[in-house]
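Visitor:
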Ligand SMILES: Nc1ncnc2c1ncn2[C@@H]1O[C@H](COP(=O)(O)OS(=O)(=O)O)[C@@H](OP(=O)(O)O)[C@H]1O
């Protein structure tokens, strides 16, 4: 009897001990997992804060914190990987939390991905300008160079340094496309090259601005300029009547006529060289831009300090158009050429008029070759 009672007591005591052990175990497990959860949140939270606020300064690894749990000192080892504790972490580009203005208008695929990542581009004044020369291939150059992922350009000619200077630099910046860190901003307005005040104004904006100048045989450039004007004004006089004072090749070249005057490249270049060193200008051959766009674009990428990304694989020669065209671009994923206003058919011009103009330009071309150090080989 006594024996049976002893056995019951032992069984009850064992049961109670087991219950106590279970309760204690559950309590500790809950406590530890709660601590673990809050640690994860703290680490993740501090990672977010660090990423959002330390846009350019990498954090240094902090010594792991210690806390007291049930009387014991416990070293806390983060259970999530915290990239911000890596001393080699890359500086994070401009983020949503940074003060950059919102970009709500740019739907470019180049930026859709960045927006998804929480990156927000902002607008900057141009780092590089295509300043001219009108009708030399400035649009082609801009379209070719902006194939580069690190180049963003204003789509239209902004005409800030000639027509809209009084509106101020904030106005100008607003016309620039949004960029992220590492990208360069470009604009092209070919009339800058011949605008008297433009060199001083560009220098005032930023003396380090890189300047690109596309030039083409001034005789074909003049004919191209005339062709464009004629396309807008059907009853325009013949080229020969406008290019010479007495209306024919036997007369004096009329340098007051814009299409002729613009081709005296050396005169305008001297104005730019009064404000910028020659090394800050890149001269692009309009003829080579057609014959071998990849070579010219290679030079341009080098000049802009860009990796050579745009190459012959981006172009194909469209024999109907007679010009190099693009296999794809930022706007279109299918092969396409520049618009129909580029590569117009030129009217027939008297051979004598062409010869006379060549003769006129020869000394100015020589001076231009001398100033630039490049022989463009114009006839
Ligand atoms: N790839 C390609 N496609 C079409 N056209 C090309 C190309 N590369 C250079 N060109 C030449 O560019 C000339 C127009 O020059 P611009 O773009 O500087 O003209 S503008 O000043 O912006 O109006 C244009 O002049 P025209 O032929 O007289 O139309 C072309 O000869």
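Numbering (the UniProt record's numbering), first residue to last: 1 to 379.
Just so you know, even glycine gets a beta-carbon here, dropped at the ideal spot from N, CA and C.
Given the structure is predicted, the values throughout are model-derived calculations rather than measurements.
1. Label residue 360 either buried or exposed according to how many other C-beta atoms from any shown protein chain fall within 10 Å of its C-beta, with 16 as the threshold for buried.
2. Could you tell me if the beta carbon of residue 289 falls within a distance shorter than 7 Å of some heavy atom in ligand 1?
3. Reducing DSSP to helix, strand and coil, say where residue 285 ends up.
4. Quick one: Cα of residue 286 to Cα of residue 237, how far?
5. Using three-state DSSP, classify residue 215 as helix, strand or coil.
6. Mind checking whether the beta-carbon of residue 427 lies closer than 7 Å to any heavy atom of ligand 1?
7. Is there at least one non-hydrogen atom of ligand 1 closer than 7 Å to the beta-carbon of residue 224?
8. According to DSSP, is residue 314 part of a helix, a strand, or is it coil?
9. For residue 198, which of helix, strand or coil comes out of DSSP?
10. Mark residue 365 as exposed unless 16 or more other C-beta atoms lie within 10 angstroms of its C-beta, in which case mark it buried.
11. Using the beta-carbon count (16 or more within 10 Å), is residue 153 buried or exposed?
12. How about residue 140: is its Cβ closer than 7 Å to a heavy atom in ligand 1?
13. Among residues of its own chain, excluding the 5 on either side of residue 345, which ones have a beta-carbon nearer than 6 Å to its beta-carbon?
14. Name the two residues that bound the continuous beta strand (DSSP E) containing residue 358.
15. I believe residue 209 touches residue 277 by the beta-carbon criterion, under 8 Å. Please report the beta-carbon distance rounded to the nearest angstrom.
16. Does the count of Cβ pairs from the segment 323-331 and the segment 210-224 closer than 8 Å reach three?
17. Can the beta-carbon of residue 386 be found closer than 8 Å to that of residue 262?
18. For residue 122, write down the residues that DSSP places opposite it in a beta bridge.
19. Which of helix, strand or coil does DSSP assign to residue 187?
20. Secondary structure at residue 262, three-state DSSP: helix, strand or coil?
21. Could you check what DSSP says for residue 306 in three-state terms: helix, strand or coil?
22. Any contact of the segment 312-321 with the segment 345-354, i.e. 3+ C-beta pairs under 8 Å?
23. Using three-state DSSP, classify residue 146 as helix, strand or coil.
24. Just to confirm, does residue 156 get its C-beta within under 7 Å of one of the non-hydrogen atoms of ligand 1?
25. Helix, strand or coil for residue 8, going by three-state DSSP, please let me know.
26. From the DSSP output, read off the bridge partner residues of residue 210.
27. Relative to ligand 1, is the shortest distance from any of its heavy atoms to the C-beta of residue 344 smaller than 7 Å?
28. With H, G and I counted as helix, E and B as strand and the rest as coil, what does DSSP make of residue 271?
29. With 16 other CB atoms within 10 Å as the buried threshold, where does residue 302 fall?
30. Quick check: residue 145 and residue 376, are their CB atoms within less than 8 Å of each other?
31. Please report the distance separating the alpha-carbon of residue 372 from that of residue 331.
32. Compute the Euclidean distance between the alpha carbons of residue 308 and residue 176, then round it to the nearest angstrom.
33. Just to confirm the assignment, what range does the alpha helix (DSSP H) spanning residue 242 have?
34. Excluding the five sequence neighbours on either side, which residues of its own chain have a C-beta within less than 7 Å of the C-beta of residue 200, listed in chain order?
35. Could you check if residue 38 is buried or exposed, using at least 16 other CB atoms within 10 Å of its CB as the buried criterion?
36. CA-CA distance, residue 56 and residue 205?
Guide: On the basis of the coordinates in this document:
1. buried
2. yes
3. strand
4. 27 Å
5. In the three-state DSSP reduction, residue 215 falls in the strand class (E or B).
6. This structure cannot settle anything about residue 427, because the visible part of the chain is limited to 1 through 379.
7. yes
8. helix
9. Helix at residue 198.
10. buried
11. buried
12. yes
13. none
14. Residue 358 -> not in any beta strand (DSSP E); alpha helix (DSSP H) instead, spanning 351-372.
15. About 12 Å; that fails the 8 Å criterion.
16. Under the Cβ criterion (8 Å, minimum of three pairs), the segment 323-331 does not count as touching the segment 210-224.
17. In this structure the chain extends from 1 to 379, so residue 386 is not present and cannot be described.
18. Residue pairing from DSSP places residue 122 in a beta bridge opposite 179.
19. strand
20. coil
21. coil
22. no
23. coil
24. no
25. helix
26. 128
27. yes
28. Helix at residue 271.
29. It counts as exposed.
30. No, the Cβ-Cβ distance between residue 145 and residue 376 is not below 8 Å.
31. 35 Å
32. 24 Å
33. 239-243
34. 275
35. Residue confidence for residue 38 is low, a pLDDT of 31 falling below 50, so the modelled location carries little weight and cannot support an answer.
36. Per-residue confidence for residue 56 stands at a pLDDT of 26, beneath the threshold of 50, marking its modelled position as unreliable; the derived number appears in the next sentence. Those two C-alpha atoms are separated by around 26 Å.
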